[in-house]
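Protein chains in written order, with this note's numbering: chain U, 1 to 375; chain F, 1 to 297; chain B, 1 to 361. Beneath this line is the structure, given in structure tokens, with notes to follow.
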Amino acid sequence: MTESDDQPWRDPNAQPFLRIKGLSKHFGSVAAVDKVSLDIYRGELFCLLGGSGSGKSTLLRMLAGFESANAGSIEIDGQDMAGVPPYRRPVNMMFQSYALFPHMTVADNIAYGLRRDRLPRADIAKRVDHLLAMVQLADFAKRKPSQLSGGQRQRVALARALAKGPKLLLLDEPLGALDKKLREETQFELMNIQEETGVTFVVVTHDQEEAMTLATRIGVMRDGEIVQVATPREVYEYPNSRFVADFIGSVNLFEGVVSEDGESHMRLDCAGLGTSLYVGHGVSCTLGQRMWLALRPEKLRVSTEKPAQSHNVLQGVVEEIAYMGGSSMLRVRLPSGAQVQVTQANLDRDDAHPVSWDETVFLSWSDTAGVVLPS
Amino acid sequence: MTQGVVARGRAWVAAVPGIWLLVFFLLPFLVVAKLSLSEAAIARPPYLPLWEWDEDYLTITLNLGNYRYLIEDALYINAFLESLRIASVSALMCLLIGYPMAWCIARARPERRNVLLTLVILPFWTSFLLRVYAWIGLLKPNGVINNMLIGAGLIDQPLTLLQTDFAVILGIVYTYLPFLVLPLYANLVKLDGALFEAAEDLGAQPWQTFLTVTLPLSVPGMLAGCLLVFIPAVGEFVIPALLGGADTLMIGKVLWTEFFNNRDWPVASAVAMVMLVVLVLPIMLLRNAQNSSEELA
Amino acid sequence: MKQLPLAALIAASCVAPIASAETLNVYNWSDYIAEDTIEKFTAATGIEVNYDVYDSNEVLEAKMLAGNSGYDIVVPTSDFLQRQISAGAYQPLDKSKLPNLANMDAALMEGLAGYDAGNEHAVIYMWGTTGIGYNVDMINERLGDDAPTDSWALVFDPDVVAKLADCGVSMLDAPTELLPAAMNYLGLDPRSTDKKDFEAGAELLMSVRPHVRYYHSSQYISDLANGDVCVSVGWSGDVFQARDRADEAENGVAVSYVIPKEGALQWFDTMAIPVDAPNPDAAHKFIDFVMDAQITADITNYVWYANGNAASMPLVDEEITSDPGIFPTDAAKANLWASQVYNARQDRNVTRLWTKVKTGQ
């Protein structure tokens, strides 16, 4: 498998399956979706990630056809969706509330879309049986939704949305109503089903962990705009803005001014820290530009003795320690007053030299651990 | 201590509807039931007592003849059937007119709903009698409707609109329409909008969505609304008296005749008892519908 | 004697008035008293009057039989009076408190004694007949000079009625008055209680049923006045009222009332005191006050119904006393009949036949 098979967005010749161009939606004077352009490829599991009011749900509803665009276009598999009503789109949606028909059995719910297509009765029955088996609800065909648990309802909703074999499946907070443990199990189930069916998924979620786990790529939304589209790893390791860096995972941000701009290194003068930070790769910037260095907490090392390296070392006092099982989280107060967050993997069961409160420690990181952000 | 007080308070609150039912339904019901088993007489009040103490003997005289009477003369059964027919047709007409109204109000923007609901209830602000009399003015041979039709050259002779079953049904539909619209609206407005979107998303055109989702889910509201029209319409007296013809035979009129013309309070009570039994069935249906709708919710 | 079930129903739903020593509660037919009678009574006695009205004997009877009506004076029609007396609804009059009884017409009071032996419980308020009101021009136009305007044939002969169907025929919704009238037209005794006679009368009524526009006891007043119906079986005073309205409207409608030559029902509306009247003393004062010659004459001059007060006759307008529709000639008087009081079985029989006449069931 070549990289472009696995990651079609890296192939300049690949045809996007879903092509969104300059899409806008205004509610009164508010732009819920603002000039969004986005390409999604066949077989992707694409997550739209954002806080409430970021426009992700509106974008999803525009794909389904429930909202019309004020500007821009949507193309699915080469077909323009302008003016196509929801019931004629090759798209199905799994609703956040599941929207199961309360007066129908599980089987009837799943068969609903197939019946609208006037498929032969036997075919429908076969398809429903297959879907019930896929979501492991074969024994629940005759139940009403009110007789199911939350997780079972979620699976019925998924089966119903998949029944017609849509080209595109839209999922609105598919795991939002489940408790944490069930959510983690279901994430993998969802991925398996997506892989099995090969249907392109667009998932809306506000939960960054969920997006990281599920997605082939993530589109981070803010105020109706898409601020970054990338793989989960890229979004985490190479956020393109302080917003993305902060929204996804935890991050320490150090503000500074470019004081050295070399071919393979740069230096940021941080007045707040009273020191300059060294970055071991080139960054496109100009001298004197204000920039930020983003450092993930797990990229920092903690030691009680001053490390050997000459730069990228800060001294501070431990203020808080939170033991979290797999790791521990420390908050270290710097002399400048800034607080830095550090996570340490708990490698041994008995740490011979545990760091304790009010202890003076040194923080250090490698030259390439941080990301320099222009905004 | 306080718990006991709270429990007692709760018991009292729960007892209020019970007392209400006892005073305003059960006691009158028993009085009417008792009356229906006595015998008419020229006396004050005009019937014989049901029981009498004679020294040591308690004599109870139950007269079932009043009920036999209702069976022997086809008039009563025919009047019941005619009342049921007019009430059913009226309820159905109300449903046909009221459903789109309720649906539109439920789908309207929330800030507009109250205005529309007020409009539905607005006729109640004028006297019911006045409104029925207004229909007489509209429907009579030289009334507004006939004059307009003649003026437009559509007819030569005035149509007979007043004093017909049509006028009675029209009057009932007009008067009771809000009783159908309100419960149906309450039912429709509670339905999750996502259900309609889900149906549409799965390929249902708007009319299919209506038939397969909206309609089945509004059955409890339709049932409640229809019964609220049907039940009072069966016993309706004023509307058939004002808008109906001499040959409009409804049980309310028969009851009036028994009570006032024949001054036979026992037979009138028997008619009322049978009417109650006829109406208990729909009321039970209503309760079942309410229970099932609660299950849905 | 008028009927209007609906308005009566509303009146019946009104709360019974509260009585005190200095008030009198009167329950009378609507439009059945002179405009100033009550005012004058209060001026003369200092007793305040609560005045309620009704439109049907049936409603009054329901109240009397139920008891505790709170009224001191009610005005039942003779046949209803009789039944209510036997049910024990009225108290005997204290004639020592009624000096004006001397004003009453002895012959008419004798007639009332047929319902109230010895005139123990009631005195005549007004009296009238149930006859035919008609639109003179419309009848003439359709039937010419041969119009049987002096006979029940005008409303009971199917051939005649058929010719009037287009201009509108109405009848009172009053079985105990229409059936005897039909029996009278057939040559049967209108006071008969024989089932066969009732059925014969009902059959006659059914034969003209297709030509009758409606059965109603008050609507014909305005319809007759406006020319919306051309012939009505109705109560004398009401037909005169229709005639007055037509005159006032100057709409060219001429209404006439006739007591058919075959005969007609003569009825008395009477003043009586309920057995549980809160203020019987004031009630006696009121009855005596109304029996004053001038007061009664005023009422007759206003409502166009005949009274039973001999002393008032010189004070009644000439226009009224000379009208044979109000004060019948002696020849016509001979054919008037008094209403028969039916027992429960006969009542039911008559009502049932009436339902059949109206609905065909």
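Glycine included, every Cβ here is placed at the ideal spot set by N, Cα and C.
Hey, does residue i have any beta-carbon neighbour from chain B nearer than 7 Å?
i, result
"Asn262(F)", "yes"
"Asp165(F)", "no"
"Ile251(F)", "no"
"Thr257(F)", "yes"
"Pro28(F)", "no"
"Asn78(F)", "yes"
"Leu191(F)", "no"
Quick one: is residue i near chain U, going by C-beta distance under 7 Å?
i, result
"Ala198(F)", "yes"
"Gly98(F)", "no"
"Ala194(F)", "yes"
Does the beta carbon of residue i come closer than 7 Å to any beta carbon on chain F?
i, result
"Gly103(U)", "According to the sequence provided, residue 103(U) is His. The question's Gly does not apply to it. Yes - at least one Cβ of chain F is within 7 Å of the one on His103(U)."
"Lys358(B)", "yes"
"Arg243(B)", "no"
"Arg345(B)", "no"
"Tyr87(U)", "yes"
"Ala99(U)", "yes"
"Arg92(U)", "The question names Arg, but residue 92(U) in the sequence shown is Asn. Yes, contact with chain F."
"Leu81(B)", "no"
"Tyr342(B)", "no"
"Thr296(B)", "no"
"Gly113(U)", "yes"
"Phe27(U)", "no"
"Arg116(U)", "yes"
"Phe95(U)", "yes"
Could you tell me which residues DSSP puts in a beta bridge with residue i?
i, result
"Val233(B)", "Ile132(B)"
"Lys21(U)", "Ser73(U)"
"Tyr54(B)", "Trp29(B)"
"His26(U)", "Ala31(U)"
"Asp137(B)", "Beta-bridge pairing links Asp137(B) to no other residue."
"Met64(B)", "Bridge partners of Met64(B): none, in fact."
"Asp54(F)", "Tyr57(F)"
"Asn92(U)", "Leu169(U)"
"Pro17(F)", "DSSP lists no partner for Pro17(F)."
"Met329(U)", "Ala322(U), Thr343(U)"
Which same chain residues end up closer than 7 Å to residue i when comparing Cβ atoms and leaving out the 5 residues on each side of it in sequence?
i, result
"Glu263(U)", "Gly282"
"Glu258(F)", "Asp264, Val267, Ala268, Val271"
"Met273(F)", "Val32, Ala33, Ser36"
Cutting at 6 Å between CB atoms, please list the residues of its own chain near residue i, excluding the five before and the five after it.
i, result
"Asn136(B)", "According to the sequence as given, residue 136(B) is Val; it is not Asn. Same-chain partners within the cutoff: Ala254, Ser256."
"Ile155(F)", "Leu149"
"Lys285(B)", "Thr45"
"Gly256(U)", "Leu268, Asp269, Cys270"
"Pro148(B)", "Leu154"
"Leu303(F)", "Residue 303(F) falls outside the range modelled here, since chain F spans only 1 to 297, and no answer is possible."
Among residues of its own chain, excluding the 5 on either side of residue i, which ones have a beta-carbon nearer than 8 Å to its beta-carbon?
i, result
"Thr212(F)", "Ala199, Ala204"
"Gly168(B)", "Arg213, Asp223, Asp228, Val229, Cys230, Val231"
"Leu132(U)", "Val106, Ala107, Ile110, Ala138, Phe140, Ala141, Ala159"
"Met1(U)", "Confidence at Met1(U) is low in this model, with a pLDDT of 42, below 50, so its placement is unreliable and no value can be given for it."
"Glu199(B)", "Leu353"
- Task: Using a Cβ-Cβ cut-off of less than 9 Å, list which residues of the stretch 198-222 of chain F approach chain U; keep chain order.
- Result: Ala198, Ala199, Glu200, Asp201, Leu202, Gly203, Ala204, Gln205, Pro206, Gln208, Thr209, Thr212, Val213, Pro216, Leu217, Val219
- Touching or not, the stretch 54-72 of chain F and the stretch 146-164 of chain F, by the rule of three or more beta carbon pairs under 8 Å? no
- Query: Do the stretch 261-273 of chain B and the stretch 77-86 of chain B make contact, defined as three or more Cβ pairs closer than 8 Å?
  - Reply: yes
- Task: May I ask you to list, following chain order, the residues of the stretch 51-69 of chain U that have a beta carbon less than 7 Å from some beta carbon of chain F?
- Result: Ala64, Phe66
- Message: I want to know whether the stretch 23-35 of chain F touches the stretch 325-335 of chain U - three or more CB-CB distances under 8 Å.
- Response: no
- Cβ pair count under 8 Å reaching 3, the stretch 79-89 of chain U against the stretch 175-182 of chain U: no
- Are three or more beta carbon pairs between the stretch 226-236 of chain B and the stretch 122-141 of chain B nearer than 8 Å? yes
- For the stretch 70-96 of chain B, which residues have a CB atom closer than 9 Å to at least one CB atom of chain F, in sequence order? Arg83, Gln84, Ser86, Ala87, Gly88, Ala89
- For the stretch 125-154 of chain U, enumerate the residues whose C-beta is nearer than 8 Å to any C-beta of chain F, in chain order. Ser146
- chain B contacts made by the stretch 31-45 of chain F, where a contact means CB separation under 9 Å: Ala40, Ala41, Ile42, Ala43, Arg44, Pro45
- Message: Taking 8 Å as the cut-off, does the stretch 163-176 of chain F touch the stretch 69-77 of chain U (at least 3 CB pairs, one atom from each stretch)?
- Response: no
- Could you run through the stretch 159-174 of chain U and flag, in chain order, every residue whose CB is less than 9 Å away from some CB of chain F? Arg160, Ala161, Ala163, Lys164, Leu170
- Query: Just by C-beta distance, which residues in the stretch 123-149 of chain B are closer than 7 Å to chain F?
  - Reply: none
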